[in-house]
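See structure below.
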Amino acid sequence: MPRNKMSSVRTVISSVASDRVITKFTPAFHPDGTPYSKVNFHPKVKTACSENRTGRVGLKITKAVLVGDVAVGKTCLVNRFCHDVFDRDYKATIGVDFEVEKFSVLSIPITLQIWDTAGQERFKCIAASYYRGAQIVIVAFDLTNEESLHHTDQWMEEACASADQPVKFLLGTKKDLLSPSSYSDVEVRALKQAKKLQAEFWATSSKSGENVTDFFFRAICLSFDDTLLKELEVDTVASKQIGTIKVQKSSSDLYEKRKSNQLKCCS
Amino acid sequence: MGDKTLETEDIPRSVINEDEPINKSLTMLPWDRFSNWIHCACVVTFDLELGQAMELIYPGHIKLTDKEKMNICYLSFPDSNSGCMGDTQFHFRIRQCPGRKPLVRAHSQYNRDCPVTLQLDDAHYYGFVYFRQTKDRSIRRGYFQKSVVLITKLPFIALFNQVISIIAPEYFDNGEPSLEAACHDIDQWPLPVPGDTLNLPIMGSVIQVRLSCRSDKLIGSVPPKYSQTHSIPAHSILPSIHEVDIYSSFLSILPHVQLLWELVLIGEPIVVMASSPTITCNTVQALVNMIAPLKFCSDFRPYFTIHDSEFREYTTKTQAPPPVILGVTNPFFAKTLQHWPHIIRIGEMGPLGSSPKLANKVKKAAALKTLDSNPGVYTRYKSFLTKDKAILKRLMKGSQLKRPVEAQNAILRRHLLELTHSFMIPLERYITSLMPLQRNISPHKGPPKLRPFETEKFIETLEQSGPQLTSGIKGDWEALYRRFFRSPNFEGWYYQRQKEVNQKLQLLHLEALSNANLSEWIADKEEVQIIDLILKIKDKLNFATHNHGLVGKESVSRLQKQLEDIVSTLPDDLQSVIKT
Chain A
1 MPRNKMSSVR TVISSVASDR VITKFTPAFH PDGTPYSKVN FHPKVKTACS ENRTGRVGLK
61 ITKAVLVGDV AVGKTCLVNR FCHDVFDRDY KATIGVDFEV EKFSVLSIPI TLQIWDTAGQ
121 ERFKCIAASY YRGAQIVIVA FDLTNEESLH HTDQWMEEAC ASADQPVKFL LGTKKDLLSP
181 SSYSDVEVRA LKQAKKLQAE FWATSSKSGE NVTDFFFRAI CLSFDDTLLK ELEVDTVASK
241 QIGTIKVQKS SSDLYEKRKS NQLKCCS
Chain B
1 MGDKTLETED IPRSVINEDE PINKSLTMLP WDRFSNWIHC ACVVTFDLEL GQAMELIYPG
61 HIKLTDKEKM NICYLSFPDS NSGCMGDTQF HFRIRQCPGR KPLVRAHSQY NRDCPVTLQL
121 DDAHYYGFVY FRQTKDRSIR RGYFQKSVVL ITKLPFIALF NQVISIIAPE YFDNGEPSLE
181 AACHDIDQWP LPVPGDTLNL PIMGSVIQVR LSCRSDKLIG SVPPKYSQTH SIPAHSILPS
241 IHEVDIYSSF LSILPHVQLL WELVLIGEPI VVMASSPTIT CNTVQALVNM IAPLKFCSDF
301 RPYFTIHDSE FREYTTKTQA PPPVILGVTN PFFAKTLQHW PHIIRIGEMG PLGSSPKLAN
361 KVKKAAALKT LDSNPGVYTR YKSFLTKDKA ILKRLMKGSQ LKRPVEAQNA ILRRHLLELT
421 HSFMIPLERY ITSLMPLQRN ISPHKGPPKL RPFETEKFIE TLEQSGPQLT SGIKGDWEAL
481 YRRFFRSPNF EGWYYQRQKE VNQKLQLLHL EALSNANLSE WIADKEEVQI IDLILKIKDK
541 LNFATHNHGL VGKESVSRLQ KQLEDIVSTL PDDLQSVIKT
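From first to last, the protein sequence lines are chains A and B. The first sequence begins at 1 in the UniProt record's numbering and counts up by one. The second sequence begins at 1 in the UniProt record's numbering and counts up by one.
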């Protein structure tokens with residue numbers, strides 16, 4: 001029995017690509033550009049992971065939504081990270097694209113859903129359903145386009161309205177197009193905006209790949225630490241009633257789900 | 001609007017999923033993956049001048065014939081003035097107009113590996129409807145009446161009900177972009193591969209579902225394997241892709257469940273009458289599913305209206321009623337179909353868990369004259385088997401104890417499954433006895449065939465190894481079998497078995513041929529015989545390419561070698577003839 005468990009854990013880990021294994025807490029991009037002061041995983045989280053006490057509800061899922069003006073390079077960012085490609089041909093996203101990446105954080109498998117939304121006005125009306133329950137909100141803007149930075153206020157507000165106390169990022173794209181000096185000009189304004197949005201600032205280039213992986217790792221670390229801490233708190237309260245049975249929780253979830261579906265159908 | 005946004009250049013590069021080799025192929029076009037799941041989405045509105053009218057078909061390049069459009073329009077709305085205020089969900093099934101392209105590759109592959117009961121049918125479409133009817137002062141006549149419909153060949157009742165319940169409200173709130181986005185989500189779905197657990201992103205959430213496959217164990221529901229190794233997270237897990245709530249559907253007629261099982265098994269014409277299409281479609285679907293794992297082989301219409309293009313065909317009084325199951329709501333049918341031998345009348349479904357008011361007695365069909373007849377089963381049919389009272393007691397007790405509907409469903413489904421199994425096992429056993437022996441497979445003769453099914457011979461086996469071995473239910477099983485043999489369900493089952501067995505025999509024969517020492521055999525043969533052999537081998541190789549994946553690569557290459565060797569022994573002129 002214990003052997004079985006071991007082997008199943010191992011397959012999970014081995015199914016995560018070696019470049020998706022996170023063992024250290026990725027630092028912020030800019031020390032002044034973040035509301036998140038964490039520099040390491042919370043001790044409780046570390047202990048829980050090392051004792052393998054994290055599997056209360058099965059697989060860990062993190063939902064990220066990526067929003068921002070038309071053509072700031074949202075899909076390019078995702079393609080660079082997920083497929084390590086850069087396609088300079090611009091094609092507009094219809095509605096929303098969906099990508100999934102598997103990680104291992106402190107040996108715990110975790111899956112990141114990336115919902116890459118369309119920037120067009122005509123899709124704004126449906127956006128709320130895509131934002132629902134997001135734990136990571138990424139508002140992207142084009143570092144070479146001042147206007148797109150101005151619009152981040154509205155994007156952030158809209159995305160956070162439906163999200164679930166998310167970790168917030170302000171992400172500048174197309175860094176490769178700027179000279180170092182013009183970049184520093186933009187950075188000053190971006191840092192100010194990040195402070196206003198209470199979001200963490202990143203500057204990336206999907207063309208060169210600069211900071212793309214670090215950014216997603218940082219997002220995963222912050223969200224993982226956050227979610228797990230919350231869960232561990234709930235656990236200490238809930239365990240008094242339900243004990244430490246892991247399987248039961250998920251099966252009762254399944255039942256609840258079914259029940260609510262059925263009520264919907266019959267009405 | 002839909003047409004405008006659908007030009008190919010506007011469609012972004014599809015995201016390639018590494019897990020699906022087929023999707024990697026360059027021939028994958030935008031909407032290909034969408035078409036693996038859904039034919040199209042439609043919006044049907046009620047136009048004060050025209051009546052039901054197709055407002056939108058999405059994606060815009062999808063073509064429906066006028067007849068299909070008309071059927072979809074009528075079936076997407078309630079057929080009678082029975083209220084249906086607010087939101088109503090149901091599904092229907094229509095005939096596809098002839099002359100369509102054959103099944104797409106993904107669908108034939110799916111059909112090969114899925115349980116026969118879940119095979120998609122070349123000739124029919126399902127439509128999943130979400131109808132909204134609300135008061136709206138801004139509209140003339142004061143009502144908003146519109147439906148969003150998904151048209152598909154896949155019989156995934158539970159899945160598409162769930163999907164339409166997500167898509168339609170979004171559409172009503174936000175209009176066309178939401179439909180566009182939803183269809184784009186579906187265009188990212190992986191292939192429907194039996195046995196796979198799939199994660200289907202739709203409008204910001206993910207539906208996780210497992211597709212049943214033919215090798216699933218039949219007795220007992222398969223516990224879905226949501227293994228830890230599964231990569232994509234799920235926000236909602238559907239326990240079954242196709243099952244409907246049979247317990248609630250049959251609640252008011254529960255004492256007659258076994259009688260209904262017999263009627264469905266022997267393919268009797270049945271009409272289900274209720275006040276709403278939601279009720280009829282669930283009941284009809286529950287009836288059809290009753291005899292699983294046996295496939296119901298006649299037509300069935302979960303919701304059927306007087307406007308349906310098959311209305312005349314199915315309601316004519318000049319012929320006996322066809323062996324189909326219809327679900328109807330229009331009171332007009334009570335008169336039109338009063339000559340039908342079996343009528344099921346379902347009342348309003350009570351709140352879940354409420355104790356059912358049971359229609360205990362079977363009523364004579366003639367009693368159904370008035371429109372407001374009581375719920376019940378109206379038939380003159382006498383069951384061949386005696387009623388299993390234990391299962392009823394168990395379900396009634398469960399209902400009193402407020403046992404969850406899921407558990408009640410599982411009990412009822414298991415009971416029906418065991419009943420069907422008890423009925424089918426003697427038939428399966430008999431079929432096995434019709435198999436030719438291994439030693440009859442000779443490379444020098446044609447492949448042996450399954451021996452013909454002889455009713456009397458089969459009946460003779462019943463005494464020794466009939467259903468009494470696995471079922472405690474008494475009754476005239478023999479007569480039930482005899483009725484069954486005249487039904488489309490038997491025909492369908494027998495055809496399927498024949499196909500499987502003959503395919504298996506072809507395979508064994510091919511194997512034997514590839515292993516035989518043919519050059520020795522042809523040494524003393526006439527040229528005609530050798531040519532005959534060559535043709536036979538070519539035939540086999542043809543079979544192998546058509547049944548790709550079934551035949552081992554080694555046998556094929558061995559056979560190819562055999563063919564070359566034999567051809568090379570022929571005179572040159574003949575060789576060139578053979579090769580062309």
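A virtual CB, placed ideally from N, CA and C, is assigned to each residue, including glycine. As the structure is a prediction and not an experimental result, all values here were calculated from the model.
{"Asked": "Below 7 Å between beta carbons is the criterion; list the residues of the region 147 to 172 of chain B that meet it against any residue of chain A, in chain order.", "Found": "ASN161, GLN162, SER165 and GLU170"}
{"Asked": "So, A/LYS168 versus A/ALA199, is the Cβ gap smaller than 8 Å?", "Found": "yes"}
{"Asked": "Are the region 448 to 462 of chain B and the region 254 to 265 of chain B touching, with three or more C-beta to C-beta distances below 8 Å?", "Found": "no"}
{"Asked": "Quick one: using the 10 Å Cβ neighbour count with 16 as the cut-off for buried, is B/LYS225 buried or exposed?", "Found": "Unreliable placement is indicated for B/LYS225, whose pLDDT of 42 sits below 50; no coordinate value is reported for it."}
{"Asked": "Output needed for A/ALA161: all residues of its chain with C-beta closer than 8 Å, excluding positions within five of it in sequence on either side, in chain order.", "Found": "ALA128 and TYR131"}
{"Asked": "Counting only runs of 4+ residues fully inside the region 22 to 83 of chain B, write out the alpha helix (DSSP H) ranges in chain order.", "Found": "32 to 37 and 66 to 75"}
{"Asked": "On the premise that B/THR336 lies in contact with B/THR315, defined as a C-beta separation below 8 Å, what is that separation, rounded to the nearest angstrom?", "Found": "5 Å"}
{"Asked": "Mind pulling the chain B residues with CB within less than 7 Å of A/VAL105?", "Found": "Under the 7 Å cutoff, chain B gives no residues; its nearest Cβ is about 14 Å from A/VAL105."}
{"Asked": "In terms of alpha-carbon separation, which member of B/ASP79, B/SER35, B/LEU64 and B/TRP31 lies closest to B/GLY51?", "Found": "B/ASP79"}
{"Asked": "What number of angstroms, rounded off, separates the C-alpha of B/ASP245 from the C-alpha of B/PRO452?", "Found": "39 Å"}
{"Asked": "I want to know whether the region 85 to 101 of chain B touches the region 41 to 55 of chain B - three or more CB-CB distances under 8 Å.", "Found": "no"}
{"Asked": "Between B/PHE77, B/VAL116, B/ALA106 and B/VAL104, which has its C-alpha nearest B/LYS499's C-alpha?", "Found": "B/VAL116"}
{"Asked": "Can you list, in chain order, the residues of its chain whose CB lies under 7 Å from that of B/PHE332, leaving out five sequence neighbours each side?", "Found": "ILE306"}
{"Asked": "Helix, strand or coil for B/PRO233? Go by DSSP, reduced to three states.", "Found": "Residue placement at B/PRO233 cannot be trusted, given a pLDDT of 44 that sits under 50; the coordinates are not used to answer."}
{"Asked": "Determine whether the beta carbon atoms of B/ILE270 and B/ILE344 lie at a separation below 8 Å.", "Found": "yes"}
{"Asked": "Counting only Cβ pairs nearer than 8 Å, list the residues of chain B close to A/CYS125.", "Found": "ASP173, ASN174, GLY175, PRO177 and SER178"}
{"Asked": "Whose Cβ in chain A lies nearer than 8 Å to the Cβ of B/GLN188?", "Found": "ASP97 and PHE98"}
{"Asked": "Note the first and the last residue of the continuous alpha helix (DSSP H) segment covering B/TYR314.", "Found": "311 to 315"}
{"Asked": "Return helix, strand or coil for B/GLN208, following the three-state DSSP convention.", "Found": "strand"}
{"Asked": "In chain B, which residues lie less than 7 Å from A/TRP155 when you measure between Cβ atoms?", "Found": "The contacting residues do not exist; A/TRP155 stays about 16 Å from chain B at best."}
{"Asked": "By alpha-carbon positions, which one of B/GLY86, B/HIS124, B/CYS73 and B/TYR247 ends up nearest to B/TYR143?", "Found": "B/GLY86"}
{"Asked": "Anything in the region 189 to 211 of chain B with a Cβ closer than 8 Å to a Cβ of chain A? List those residues in chain order, please.", "Found": "ASN199, PRO201, MET203, GLY204, SER205 and VAL206"}
{"Asked": "What did DSSP end up calling B/GLY327 once you bin it into helix, strand or coil?", "Found": "strand"}
{"Asked": "If contact means a Cβ-Cβ distance below 8 Å, which residues of the region 118 to 144 of chain A contact chain B?", "Found": "ALA118, ARG122, PHE123, CYS125, ILE126, SER129, TYR130, TYR131, ARG132 and GLY133"}
{"Asked": "DSSP on B/LYS445, reduced to helix/strand/coil?", "Found": "coil"}
{"Asked": "Please report whether the beta-carbon of B/HIS184 lies at a distance below 8 Å from any beta-carbon of chain A.", "Found": "yes"}
{"Asked": "Tell me the DSSP secondary structure of B/HIS415 in three-state form.", "Found": "helix"}
{"Asked": "Quick one: is A/ASP19 near chain B, going by C-beta distance under 8 Å?", "Found": "no"}
{"Asked": "Between B/GLU170 and A/ILE94, is the Cβ-Cβ spacing less than 8 Å?", "Found": "no"}
{"Asked": "Under 7 Å Cβ to Cβ from B/LEU392, same chain only, skipping five residues before and after it: list those, please.", "Found": "LEU254 and PRO255"}
{"Asked": "Roughly how many angstroms lie between the CA atoms of A/HIS30 and A/ALA194, to the nearest whole one?", "Found": "11 Å"}
{"Asked": "Which residue from A/VAL70, A/ALA64, A/LYS230 and A/ALA92 puts its Cα closest to that of A/LEU149?", "Found": "A/VAL70"}
{"Asked": "Using alpha carbons as the reference points, say which of B/LYS538, B/HIS415 and B/MET424 lies closest to B/GLN258.", "Found": "B/HIS415"}
{"Asked": "Hey, how far is the Cα of B/LYS449 from the Cα of B/LYS540?", "Found": "15 Å"}
{"Asked": "Under 8 Å Cβ to Cβ from B/LEU563, same chain only, skipping five residues before and after it: list those, please.", "Found": "ILE534, ILE537, LYS538 and LEU541"}
{"Asked": "Just verifying my parser: in three-state terms, what is the DSSP assignment at A/THR62?", "Found": "strand"}
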